[in-house]
Structure formats: structure tokens, C-alpha cells
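Single-structure report; data block below.
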Amino acid sequence: MDKFLDLPKWQLALLSGVFIGSAYPPSPLGFLAWFGLVPLIHLLYNASPVEGAKWSFFTGVIVNIITIYWFGLNSGAGLFPVFLSLTGAVLYLSIFWIIFGMCTSWYHQRTGYGLAVLPIFWVGMEYIRSFGPLAFPWINLALTQTFSLPLLQIADVTGSTGISFWIVLINAILYAGYGSSIGLKSSLRIVTLLLVLISSFGVYRISSIRNETIVDQISTAIVQPNIDPNQKWEADFRDKIFDIMDSLHTSSIDLQPDLILWPEAALPVYLRITYGARRPILRKVRDSGIPLLTGTPDRINRENNERDYYNGALYFTPDGSMKMYYKMHLVPFPEYIPFSEKFPMLKRLNFGQGNFTSGRDFTLFEVDSVPFGNLICYESSIPTIVSQFVRRGAKFLSIETNDSWCGHTSGVYQHFQIARLRAVENRVAIARSANTGISSLILPTGEIAEKIPYNEQKIILAEIPIRDLASFYMRFGELFAIICSLISIILLGTGWVKNRS
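The working numbering puts the first residue of the sequence shown at 97, with every later residue one more than the last.
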């Protein structure tokens, strides 16, 4: 251990970056996160605040390059927009590592108790990163633990930040065993005990959720059309897409489900305002008596010949009625320029992005008198949006997504695993329809009941269990993260006062 931590500083920062970055899906090496921060902690506890910020930034850049290298890969985008998007995302997200490193080094330098508050500062950092139009909780440290179902179960109390908390706590305990009276063997025993307790709690929660009474069940045909995104909006391919979706619709009806679920932007048309494209769908829904939810872009004309464009979902019911939901949290840069609603001149910038308008309403749909909420793509990574749908009465959730724009990269698998965290947090089942994958039914425990692998065209008939569960997290939201953030502010304030006196 001594020789390991005596490596040059840049190598220690690099090691932490590689360890943590390699712990994220689709890697099965999530356990690397248990000790991946130790080299960085060593740097922070022997550095000035400026140096701490520098080495944290370096580690953050490495982590972000490994985990979100796919971010700029927007189908049809040129090399320059791809490079610009990725560079901007990596640098922006690394700013939060700077905040964490600077606060940790500064507090430890002034009080000597930095190790004790490390997990609290980390949760505060993740909470700050979840705010505003540039919110990106996608890469919260909790995502590294989706390889083990029991380790996720505490999220129904604390949210995903509670998982991040114990990961950083384990790192802090391991570092405490280095060069202290505790000793490495003792710290390993403490870590082992902590993991056993967390896992035991998880096993208990999984068992208790499974034993809860199923009060209803919604049979859902989840469709994965597997359509090439590079051809989707080409005029020559348009008719073929309509034929594919029509055939899949017919096959879905043959399964006699209660609901049919299509992915995000399933058809290359503004479906709500294009009667010719909408008519055959309405007819099939009416004749079969089976409602259909599909992702679709939408357009609303405003005054002065201006138009608002939306990424939406359209719900067809057998009585002929339709209901729209508009995506509320857009992907910054690929779908819109942040702050462009306040500074309209930003809309003139063209980096290959869309210019969508965000929705404002938590629209609930209903099937067989069971209300449910729908999330479009990136929204499933925003915990507060998901919990709001459940808090407003949704008994299950659907996710419509099109991850094909980033190709067969780790982004596809990260996005899929994020949905498992949302299911555990809110204790609801999630039906997920993805254009090229991964489509699935995720149970309230985070278990995967049904799944269609990536790059396959298929329909699965999923039985969505409805249970009357109300998790602590669903009721109280990010209470744990808020408490940690407030404690962080208080600790930094007391550190400043102590330094002044």
C-alpha cells in the first residue's frame, strides 16, 4: 500500500480515473468503485485546495472520457459537432470534480477531519449536478453497482445518492487503514461488514417486495422495431418504415395485450397533425380495442409564423381519442441549446442540434383504469421527474427511447441500467421500448423479467405487475441528498469560521 500510494501524483490521479471509469456499465467490474477513489483521496489529503482541484479535475476528465465518450455521436452529425459536444460535456462535468476536490482539500487542511465528511461532500456534489438545464445525474456513482441487485435496494430510501454515499464511505475507510492505528486489516474487516449489512438489507427488501400482493396486471406488447436511424428520415425509406411498424402492430394485436408500446419517434412524421399517417393506426386501435402509446415528434404553430417543436408521446385509445405528452427535460445540445428560451439569439447557433421546446405537464395515461406515466429517453436519468410521476398517481411507468443515435456503445447499456435504479427507487415496474434496444420489463426490485437484446427486431408480451407500494424515496424525494448538501454547507461554514478565529 505504501509503495502504491508513493507513485507520482499524476499517476495516482490517472489510476483513480481509470478505476472509476472502468466500473461503469457495461463493465462487470463495479467493485472497482469500492477502492477506485483511494489514490485520489491520498492526493486530496496531502494537497492545497488549488492542487486538490487540479488533481480532481484530471481524474474527472479521465472518468468522463471513459464513461461518456459516446455523447457526441449523434446520427448524421459531422466530425466538428461531435468533437465539440464531447469536449464540452467532458469539461463541464469535470467542473463538479473540481468542486469536490477543492472543498475536500480545503476542509481537511483547516480542520483535519476531511476523511469523515468525504461521503457527505460527494453526495452534495452529485446533488448540485442534478440541477438546471445542464443537469446530468447519468453518471452518478450508484450506476457502477447495477451488477449486484442487493446493493441497489437502499435506493428506495435514500435514492441513488445513498448508494454513492456508501461507495465513497468504503473508499474512505480503506484509506483510513493506510498509515493509521486502524490498520489495513481492520479497515478491510469494517468494509466487509458494511457490504454484508448492505447486501443483507437488499436481500430482505427483494424478498419482501416479491411477497407483496399483486393487485392488478397489465399485459403489454413491447415493440423493438430495430430501424436504422441513418435511414429513418430518408424519403426513400419512409414507406418501408411504415410497413415495418404496421406489420409489428398487427403482430402485437395478435398477442391480445392490454397495451401496445412503441419506442421514441417510431414513425418519421408528425403523427398528431398528419391524418394520412394517423388513420390506419386509429383504425387498428379501434378495431382491436387495444390502446397504443407511441413516441412522435410534434409541431405547434404560434403567432408571427413561428413554430414550437416537441419530442412527444401520443396515446391512441379505442374510443378514438388521443392524448399527448411532451418531453420535459431535453438533452442539452443534441435537442436544444441551453438557456435559448431566455436568449433567443442562441437558437441561431447551428451545431447539428435540434431546437425542441420542453413540455411542462406530468401527463398521466390510463389503461384498464390503471394510471401510468411515460418517460422519453433522457428523462429516465432524472430521478426527480420519475418520482413526480409516481407521486402523482402512476402505478407503473413506460420508457420510450431511441438509443440508436449513439450506436452500439456503452451509452446503450448505461441507459438501460439507469432504468433499473428508477424502478428500485420508486418501487414500480417499468416497461421499456427502445428502437434498437434494449427493450425490457423491469420489476420494482430492479429484476429484469423480460428483455430484447440490442439490434434485434422483436416483440415481447410483458405482464406488468401492479402493487400498492409507496417507497420512502417516492414520498420524500431527494431528502437524503438535501440533508447531505446542507451538512456540507454547514461544515464548510464552520471550517471558514475556525480558520478566521
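For every residue, glycine included, the Cβ atom is placed at its ideal position computed from N, Cα and C.
**Message:** Once DSSP output is grouped into helix, strand and coil, what is the label at Phe452?
**Reply:** Indexing the sequence shown from 1 puts residue 452 at position 356. In the structure shown, Phe452 adopts extended strand secondary structure according to DSSP, grouped into three states.
**Prompt:** Looking at the structure shown, is Arg379 part of a helix, part of a strand, or coil, going by DSSP?
**Reply:** Your numbering for residue 379 matches position 283 in the sequence shown. For Arg379, the secondary structure class from DSSP, reduced to helix, strand or coil, is helix.
**Prompt:** Counting pairs of beta carbons, one from the stretch 484–498 and one from the stretch 345–365, are three or more of them closer than 8 Å?
**Reply:** The answer is yes - the stretch 345–365 touches the stretch 484–498, with three or more Cβ pairs under 8 Å.
**Prompt:** Is there contact between the stretch 555–564 and the stretch 312–321, where contact requires at least three CB pairs shorter than 8 Å?
**Reply:** Yes, the stretch 555–564 touches the stretch 312–321.
**Request:** Compute the distance between the beta-carbons of Thr541 and Ile396, then report whether it is under 8 Å.
**Result:** Working through the sequence shown from its first residue, we reach residue 541 at position 445. Working through the sequence shown from its first residue, we reach residue 396 at position 300. No, they are not a contact pair.
**Item:** Beta-carbon proximity list for Pro233, same chain, < 8 Å, skipping 5 on both sides
**Value:** Here the question's residue 233 lines up with position 137 in the sequence shown. Setting aside the 5 residues that flank it on each side, Pro233 is surrounded in the same chain by Glu222, Arg225, Ser226, Ser256, Ser477, Ile478 and Pro479, each with a C-beta closer than 8 Å to its C-beta; the list follows chain order.
**the stretch 519–529 touching the stretch 561–568, judged by at least three CB pairs closer than 8 Å** = Yes, since at least three Cβ pairs between the stretch 519–529 and the stretch 561–568 fall closer than 8 Å, the two stretches touch.
**Asked** What separation, rounded to the nearest whole angstrom, lies between the Cα atoms of Pro246 and Leu293?
**Response** Taking the first residue of the sequence shown as position 1, residue 246 is located at position 150. Taking the first residue of the sequence shown as position 1, residue 293 is located at position 197. Distance between the alpha carbons of Pro246 and Leu293: 10 Å.
**Segment contact flag, the stretch 336–352 with the stretch 567–582, C-beta cutoff 8 Å, min 3 pairs** = Counting Cβ pairs under 8 Å, fewer than three are found: no touch.
**Item:** 8 Å Cβ cutoff met for Asp415 and Tyr406
**Value:** Against the sequence shown, residue 415 aligns to sequence position 319. Against the sequence shown, residue 406 aligns to sequence position 310. In this structure, Asp415 lies away from Tyr406, with their beta-carbon atoms at least 8 Å apart.
**Rounded C-alpha distance that separates Leu291 from Gly489** = In the sequence shown, residue 291 corresponds to position 195, counting from 1. In the sequence shown, residue 489 corresponds to position 393, counting from 1. Their backbone Cα atoms lie some 34 Å apart in a straight line.
**Request:** Select from Thr346, Ser347 and Asp324 the residue whose C-alpha is nearest the C-alpha of Ile337.
**Result:** By 1-based counting over the sequence shown, the position of residue 337 is 241. Checking every option, the nearest Cα to that of Ile337 belongs to Asp324.
**Item:** Three or more C-beta pairs below 8 Å linking the stretch 452–460 and the stretch 418–432
**Value:** Yes: the two stretches touch, three or more of their Cβ pairs being nearer than 8 Å.
**Asked** Rounded C-beta distance between Val287 and Ile266? I'm assuming under 8 Å.
**Response** Counted from its first residue, the sequence shown places residue 287 at position 191. Counted from its first residue, the sequence shown places residue 266 at position 170. Yes, they are in contact, since the Cβ atoms of Val287 and Ile266 sit about 5 Å apart, within 8 Å.
**Request:** In the DSSP assignment, find the alpha helix (DSSP H) that holds Ala143 and state where it starts and stops.
**Result:** Taking the sequence shown and counting its residues from 1, the one referred to as residue 143 is at position 47. For Ala143, there is no enclosing alpha helix (DSSP H), as DSSP gives it neither H nor E.
**Supposed contact pair Gly117 and Val159 - C-beta distance, whole angstroms, cut 8 Å** = Taking the sequence shown and counting its residues from 1, one reaches residue 159 at position 63. Taking the sequence shown and counting its residues from 1, one reaches residue 117 at position 21. 4 Å between Cβ atoms; contact.
**Message:** Between Leu125 and chain C, is any beta-carbon pair separated by less than 8 Å?
**Reply:** As a matter of chain content, chain C is missing from the structure shown, which is built from one protein chain.
**Request:** Grab the span of the beta strand (DSSP E) containing Pro467 for me, first residue to last.
**Result:** Here residue 467 refers to the residue found at position 371 when the sequence shown is read from its first residue. That run of the beta strand (DSSP E) goes Val466 to Ile472.
**Message:** Here's the rule: buried if 16 or more other CB atoms are within 10 angstroms of the residue's CB, otherwise exposed. What is Gly208?
**Reply:** Taking the sequence shown and counting its residues from 1, one reaches residue 208 at position 112. Exposed is the call here.
**Request:** Take every Cβ of the stretch 363–377, pair it with every Cβ of the stretch 507–514, and state whether three or more of those distances are shorter than 8 Å.
**Result:** The stretch 363–377 makes no contact with the stretch 507–514, as fewer than three CB pairs between them are under 8 Å.
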